[in-house]
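Using our numbering, you'd call the opening residue of the sequence shown number 254 and step up by one each time.
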Amino acid sequence: MKTEVIAKSTDVTNPQDVEALVQNAIEIFGRVDVLINNAGLIPQSFLGDNNIDEWNQTIDVNLKGVLYGIGAVVPKMRAQKSGHIINIASIAGHQVNPGGAVYCATKFAVRALTEALRQEEVTVGSHIRTTIVSPGAIETELLNHITDQGLKQGMEDVYKDALNPNEVAKALVNAIDTDASTSINEVVIRPTRQLP
């Protein structure tokens with residue numbers, strides 16, 4: 254299988270930036286076959302801390318960024334009658350934890366959006382496939398965004414056995430490589446030793 258990808262610095266909180274990314278892909282390849290909505294922040298803090306700026310930033314990146322990606326590619330994928338949208342959620346989109354309310358809420362929302370999108374695209378007959386990927390702890394820089402030091406220490410304990418990002422990439426490739434008549438709708442992947 255021949256694979257070509259582009260990577261372009263994009264502010265996912267700016268719908269025009271996301272649209273420009275999609276247009277760039279169309280200019281280079283003539284179409285968009287796969288979009289992976291992967292931007293995310295995890296600034297853990299307790300709701301009682303009233304970190305409104307943190308909440309807004311988390312919602313802007315983790316939720317609105319996904320919406321902007323969907324909005325930018327769905328019309329193009331409908332026109333070409335194919336495509337695959339992969340939205341990265343999190344194990345935190347399946348279970349909540351103290352200090353993670355806003356992050357968890359955004360990841361629950363990503364799962365809901367993706368399932369709603371799947372149903373809408375089936376209804377209109379677009380042949381757009383959707384996949385939700387919910388990873389557990391992965392070796393990333395996400396912990397750098399946690400402002401509460403006590404929560405950060407707790408998260409560092411969870412991340413001590415974190416997945417190598419290549420393992421998540423393999424799951425993505427598997428979902429993408431599945432025949433167009435089949436859709437892997439959700440993947441949950443985490444370190445073998447991760448609780449819960």
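Every residue, glycine too, gets a C-beta built ideally from N, C-alpha and C.
Pick from the options: whose alpha carbon is nearest that of residue i?
i, options, result
"ASN267", "LYS334, GLY324, TYR412", "GLY324"
"PRO388", "HIS380, PRO418, THR263", "PRO418"
"VAL258", "MET408, ALA362, VAL287", "VAL287"
"ASP264", "VAL314, PHE282, GLU307", "VAL314"
"VAL411", "LEU370, THR367, THR431, ILE344", "ILE344"
"THR445", "ASN438, GLU420, ASP430, ILE437", "GLU420"
If we count the other Cβ atoms within 10 Å of its Cβ and call it buried at 16 or more, is residue i buried or exposed?
i, result
"LEU416", "buried"
"THR435", "exposed"
"GLN297", "buried"
"LEU448", "exposed"
"VAL326", "buried"
"GLU394", "exposed"
"LYS360", "buried"
"GLY346", "buried"
"GLY353", "buried"
"SER471", "The first residue shown for the chain is 254 and the last is 449, placing residue 471 beyond what the model contains."
"GLY283", "exposed"
What is the DSSP secondary structure of residue i, counted as helix, strand or coil?
i, result
"THR311", "helix"
"ASN417", "coil"
"VAL319", "helix"
"ILE344", "helix"
Below 8 angstroms on the Cβ atoms is my contact criterion, and I expect residue i with residue j to pass it. Report the Cβ-Cβ distance as a whole number of Å.
i, j, result
"LYS329", "ILE279", "7 angstroms"
"ASN340", "VAL319", "5 angstroms"
"ARG364", "ILE385", "5 angstroms"
"LEU425", "ILE289", "7 angstroms"
"VAL441", "ALA428", "No, VAL441 and ALA428 are not in contact; Cβ-Cβ is about 12 angstroms, not under 8 angstroms."
"GLY336", "VAL285", "6 angstroms"
"THR383", "ILE338", "5 angstroms"
Should the stretch 367-375 be called in touch with the stretch 403-417, which here means at least 3 C-beta pairs below 8 angstroms? no
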